[in-house]
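First residue of the sequence shown? That's 1 in the working numbering, and the numbers climb one at a time after it. Glycine included, C-beta positions come from ideal geometry on N, C-alpha and C. Quick caveat, the model's predicted, so the values are computed rather than measured. Here is the structure we will look at.
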Amino acid sequence: MKELLYHWLKKPFVIFVVVPFLIYSIYQVLFATERYESQTQLLVQQPSSGGSLDPAVLLISGFSGGVTQNDTELVRAFIHSNDMLQYIKSTVDFDSHYSDSSIDLFSRLPSSATYEETLDFYIDHVDIDIDEKSSVIAVKVQGFTPEFAQQMTQVIRDRAEWFINKIGYDLAEAKLDFIKKEHSAIESKLEQAKVELLSFQRQYNLIDPLAESAALQQITSGLDGQIALKEAELATLLTSMSEYAAPVVQVKQTLVGLNQQLENERQRMIVGTATESDLATSPNGVNEILSKFSGYKVNVELALQAYTASLVSMEQSRIEAYRQLKYLVMVESPTLPEETKYPRVTYNLLLFLVLNCMLFGIVRIIVETVRELK
């Protein structure tokens, strides 16, 4: 019997398949530490895409909230990032939990693990599934106690929500800052145009040269009319009186005064109200003043139109930035597991046996082929 057993144990299949399977079975059944799995489901949403709908309705209807694959992949990348791991370490006792000596050697995190090993261990214990149709993100966290698994899932959910909000607000703030800078530049141009117009008005003591020009023209027209009447009156008087008669002299004096007044008003239209220094260097007439005033006024009107358009654009940009904000909707809150999920003993043993048999078969084929070639 012993010889038969010894002969049987010497067979390659027993040595390379049966014995390793028995050892692995003993480890899985007796020594492997059980792990619990907590789960939460998240959905990236936008205010403009049915944000008022109930998350359960969104999930059932397969509505993705206008979210692209990049959004969900961004959440996955952040959850599996070193930043998330460092935040978890600062929030919960990550190392103590996963490096506890009561955990079997192959399941726990070595106390001397490097940064890369710790990150790989963390990624192995945080699984993320994304539904392509509804874009729902399922986050599954493994822990050696139900409470810790749930706590860590909650921490991941809260931090992921903070991350999505931060990205949205940062992008919106950057866009609004750019619009505000452009608006400030336009506002400065408007103020500069107003200052130039006011300075011009103060220089020539004019509120509105156009109105004053019209007033001067009205005055000269009135004087022309009065002069014509007086000349007609003078001609009538001369037909019956001497030119030295008192009424004739009085009318002549009135005509002299009116002509002098008309000349003064015409002179004002030629030289305007410029200062003496201006007149010494350049004859700034009313036409030139009107031309300059029109230029300054057009600048103010254009700057005002640009300012109004900028206000509208800034408000539209603010609304658009709000619509583009994204946030996480919690479809399912972190669960508190009651049963262990890992290790999946039956699945692991069958997988180990199948792979080991396949490997053994491949090696046997190679060995037999080499023997035949010899």
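DSSP on K292, reduced to helix/strand/coil? Looking up residue 292 in the sequence shown gives position 292. Of the three classes helix, strand and coil, the one that applies to K292 here is helix, per DSSP.
Sheet register partners of E37 (DSSP bridge): Here residue 37 refers to the residue found at position 37 when the sequence shown is read from its first residue. Beta-bridge pairing links E37 to Q142.
Distance between beta carbons of K89 and E83, contact taken as under 8 Å: Sequence index remark: in the sequence shown, residue 83 carries index 83 (1-based). Sequence index remark: in the sequence shown, residue 89 carries index 89 (1-based). It should be noted that the sequence gives Asp, not Glu, for residue 83. About 11 Å; that fails the 8 Å criterion.
Assuming K252 and L234 make a contact with CB atoms under 8 Å, what is their CB distance in whole Å? Locating residue 252 in the sequence shown gives position 252, where the first residue counts as 1. Locating residue 234 in the sequence shown gives position 234, where the first residue counts as 1. The beta-carbon distance between K252 and L234, rounded to whole angstroms, is 7 Å. This is short enough to meet the 8 Å contact definition.
Per-residue burial, I137 [other beta carbons within 10 Å of its own, 16 or more giving buried]: Stepping through the sequence shown from its first residue, residue 137 is reached at position 137. Answer is buried; the Cβ neighbour count reaches 16.
Please report the straight-line C-alpha distance between L349 and T33, rounded to a whole angstrom. Within the sequence shown, residue 349 is the residue found at index 349, counting from 1. Within the sequence shown, residue 33 is the residue found at index 33, counting from 1. Approximately 16 Å between the Cα atoms of the pair.
Hey, K341 and Y24: beta-carbon distance below 8 Å or not? Position 341 of the sequence shown, counting from 1, holds the residue named residue 341. Position 24 of the sequence shown, counting from 1, holds the residue named residue 24. Against a cut-off of 8 Å, the Cβ pair of Y24 and K341 comes out as no contact.
Nearest-angstrom Cα distance between Y296 and Y169? Counting from 1 along the sequence shown, the entry for residue 296 is found at position 296. Counting from 1 along the sequence shown, the entry for residue 169 is found at position 169. Going from the Cα of Y296 to the Cα of Y169 covers about 41 Å.
Could you tell me which of D177, Q142, Q217 sits nearest to H97, measuring between CA atoms? The count along the sequence shown starts at 1 and reaches residue 97 at position 97. Selected option, being the one with the closest Cα: Q142.
Thinking just about the alpha-carbon of each residue, which of Q226, S317, L238, Y307 is nearest to the one in T254? In the sequence shown, counting from the first residue as 1, residue 254 sits at position 254. Of the listed residues, the one whose Cα sits closest to T254 is Q226.
Nearest-angstrom Cβ-Cβ length linking L258 and V248, presumed shorter than 8 Å: Reading the sequence shown from its first residue, position 258 is the one you call residue 258. Reading the sequence shown from its first residue, position 248 is the one you call residue 248. L258 to V248, Cβ: 16 Å. No contact.
Enumerate in chain order the residues of its own chain whose CB-to-CB distance from K189 is below 6 Å, with the five nearest sequence positions on each side excluded. Indexing the sequence shown from 1 puts residue 189 at position 189. Counting only Cβ-Cβ distances below 6 Å, and skipping sequence neighbours, we find A303.
Contact defined as beta carbons within less than 8 Å: I believe Q402 pairs with E332. What is the distance between those atoms, to the nearest angstrom? Only positions 1 to 374 of the chain appear in this structure, which leaves residue 402 out of reach.
Limits of the beta strand (DSSP E) - the one that D120 falls within: Here residue 120 refers to the residue found at position 120 of the sequence shown. Looking at the DSSP string, D120 is not in any beta strand (DSSP E); the run it does join, the alpha helix (DSSP H), is 115-125.
Taking the beta carbon of P110 as the centre, do at least 16 other beta carbons fall within 10 Å, making it buried, or is it exposed? The count along the sequence shown starts at 1 and reaches residue 110 at position 110. By the 10 Å Cβ count, P110 comes out exposed.
Give me, in chain order, the residues of the same chain whose beta-carbon lies closer than 7 Å to that of M241; leave out the 5 immediate sequence neighbours on both sides. The residue given as residue 241 occupies position 241 in the sequence shown. Excluding residues within five positions, the ones whose Cβ falls inside 7 Å are P247, V248.
Report yes if the C-beta distance between S380 and P334 is below 8 Å; otherwise report no. Outside the displayed range of the chain (1 to 374) lies residue 380, so it cannot be described from this structure.
In three-state terms, what does DSSP make of V136? For the purposes of this step, residue 136 is identified with residue 136 of the sequence shown, where counting begins at 1. DSSP places V136 in coil when its eight states are reduced to three.
Going by DSSP, what residue range makes up the beta strand (DSSP E) through Y327? Walking along the sequence shown from the start, residue 327 turns up at place 327. Start and end: 327-332.
What number of angstroms, rounded off, separates the C-alpha of L22 from the C-alpha of K133? As a first step, residue 22 is located in the sequence shown; it is residue number 22 there, counting from the start. As a first step, residue 133 is located in the sequence shown; it is residue number 133 there, counting from the start. Using only the alpha carbons, I get a separation of about 43 Å.
How about the stretch 156-165 and the stretch 103-122: do they share at least three Cβ pairs that are nearer than 8 Å? Counting C-beta pairs with one atom in each stretch, the stretch 156-165 and the stretch 103-122 have fewer than three that are closer than 8 Å, which means they do not touch.
What first and last residue would you give for the alpha helix (DSSP H) that runs through K11? Residue 11 sits at position 11 when you count from the first residue of the sequence shown. Per DSSP, K11 belongs to no alpha helix (DSSP H) and is neither H nor E.
Quick one: Cα of F13 to Cα of V354, how far? To locate residue 13, count along the sequence shown from 1; it is residue 13. To locate residue 354, count along the sequence shown from 1; it is residue 354. So the alpha carbons of these two residues sit roughly 13 Å apart.
Are there 16 or more other CB atoms within 10 angstroms of the CB of F178, so buried, or fewer, so exposed? On the sequence shown, position 178 is the one that residue 178 refers to. It counts as exposed.
Helix or strand or just coil, what does DSSP make of L105? Reading the sequence shown from its first residue, position 105 is the one you call residue 105. The answer is coil: DSSP assigns L105 none of H, G, I, E or B.
Burial state of I366 (16 or more Cβ within 10 Å): The residue given as residue 366 occupies position 366 in the sequence shown. Counting Cβ neighbours within 10 Å, I366 comes out exposed, since fewer than 16 surround it.
Among the candidates K181, N264, K292, whose CA atom is the shortest distance from the CA of L198? As a working note, residue 198 is residue 198 in the sequence shown. Of K181, N264, K292, the residue nearest in Cα terms is K292.
What three-state label does DSSP hand D129 in the structure shown? Sequence index remark: in the sequence shown, residue 129 carries index 129 (1-based). In the structure shown, D129 sits in a strand (DSSP, three-state: E or B).
Leaving out the 5 sequence neighbours to the left and right, which residues in its chain are closer than 6 Å to R157 when beta-carbon positions are compared? For the purposes of this step, residue 157 is taken as the residue at position 157 of the sequence shown. Cβ within range, chain order: T40.
Using the Cα positions of D278 and E288, report the straight-line distance between them to the nearest angstrom. Translated into the one-based positions of the sequence shown, residue 278 becomes position 278. Translated into the one-based positions of the sequence shown, residue 288 becomes position 288. Low confidence applies here, because D278 scores a pLDDT of 45, under 50, leaving its location unreliable; read the following figure in that light. Near 12 Å, if we compare the C-alpha coordinates of E288 and D278.
Only counting the same chain, and skipping five residues up and downstream in sequence, which positions put a Cβ closer than 6 Å to that of N299? Here residue 299 is taken as the residue at index 299 of the sequence shown, counted from 1. A193.
In whole angstroms, what is the alpha-carbon distance linking M358 and V29? Within the sequence shown, numbered from 1, the residue matching residue 358 stands at position 358. Within the sequence shown, numbered from 1, the residue matching residue 29 stands at position 29. Roughly 23 Å between the two C-alpha positions.
By how many angstroms is the C-alpha of H80 removed from the C-alpha of Q150? For the purposes of this step, residue 150 is identified with residue 150 of the sequence shown, where counting begins at 1. For the purposes of this step, residue 80 is identified with residue 80 of the sequence shown, where counting begins at 1. Approximately 17 Å between the Cα atoms of the pair.
CB contact flag (L223, L262, <8 Å): Indexing the sequence shown from 1 puts residue 223 at position 223. Indexing the sequence shown from 1 puts residue 262 at position 262. Yes, Cβ-Cβ distance for L223 and L262 is below 8 Å.
Around the C-beta of Q45, are 16 or more other C-beta atoms found within 10 angstroms, so that it is buried, or is it exposed? Looking up residue 45 in the sequence shown gives position 45. Result: buried.
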